[in-house]
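Chemist: Pasting a structure here, questions to come.
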Amino acid sequence: MAPSSYQAPKRGDKAEKVTYSQTTESNLSHTQTTVSKLLEGKGDAVFSVRPTETIREVVGLLKEKHIGALVVTDQNGALMGILSERDIVRRMAETPGQTLPQSVEDLMTRNVQTCSPDDYLMDILSRMTEGRFRHMPVLKDGNLCGMITIGDVVHFRLKELEYEALRMKQMIVG
Ligand code: AMP
């Protein structure tokens, strides 16, 4: 006779017993997380500079705000470009000792890739990886409404994975 703790499988068991890791929810949830979900936790702050400001002002802002890039906007707040620490380091190598007085518009990237709050985080991660940049301004109806970094996306995904692992442990332990 089988030990009392052992329950022989019965007809119909297979259909009912689907583990958490096999559910549609767990397999698809992370691919469907949107930019707006990340911004809910991060907030909508976007630090910007005007094109005529100098790199001296930019490095001060980057240090003060603990960030790696600024968006460049015109007098109406419209996006004109993006300037990251990489642009500054590159220019410092090209013009040693003469970089700080240069203007933002001379260093910024004009062709800015943006995303919308409804975009999926995993798509943004792919775009950043393929384009080799780490910042993505978020636009809603043409207006800046946030900035996400590759670090934000990776951190968010790690939190999701921790939560999924916890859920699975709970399912096992009961
Ligand atoms: P990053 O890795 O974000 O520090 O930027 C690397 C390079 O890509 C720099 O030349 C930036 O000006 C540029 N860059 C950063 N973000 C973007 C973006 N969203 N679209 C286009 N270029 C960008």
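My numbering applies: residue 67 is where the sequence shown begins, and numbers increase by one.
Where is the CB? At the ideal position from N, CA and C, for every residue including glycine.
This structure is a prediction, so every number in the text was calculated from the model and none was measured.
#1: Do I133 and ligand 1 come close, with the Cβ less than 7 Å from some heavy atom?
#2: Since I148 and V155 are thought to touch, with beta carbons under 8 Å apart, how far apart are those beta carbons, to the nearest angstrom?
#3: How would you write the range of the beta strand (DSSP E) that H201 sits in, first residue to last?
#4: Taking 7 Å as the cut-off, is the beta-carbon of R122 closer than that to any non-hydrogen atom of ligand 3?
#5: Report yes if the CB atom of E123 is closer than 8 Å to the CB atom of V112, and no otherwise.
#6: For I190, which residues of its own chain have a beta-carbon under 8 Å away from its beta-carbon, when the five flanking residues on both sides are left out?
#7: Using only Cβ atoms and a threshold of 7 Å, which residues come within that distance of a heavy atom of ligand 1? Order them by chain position.
#8: Among all the DSSP beta bridges, which residues are the ones paired with M213?
#9: Given a cut-off of 8 Å on the beta-carbon distance, is the pair A128 and E160 in contact?
#10: Report the CB separation of M174 from D153 in whole angstroms; it is logged as a contact under 8 Å.
#11: In the DSSP assignment, the beta strand (DSSP E) including V138 goes from what residue to what residue?
Modeler: On the basis of the coordinates in this document:
#1: no
#2: Rounded, the Cβ-Cβ distance is 15 Å, inconsistent with contact.
#3: H201 to K206
#4: Ligand 3 is absent from the structure shown, which contains only ligand 1.
#5: no
#6: V101, C181, M202, I214 and V219
#7: G134, A135, I148, L149, S150, E151, R152, D153, M174, T175, N177, V178, Q179, T180, G197, R198, F199, R200, H201, M202 and P203
#8: P203
#9: Going by the sequence as given, residue 128 is Leu instead of Ala. No, Cβ-Cβ distance for L128 and E160 is not below 8 Å.
#10: 7 Å
#11: A135 to T139
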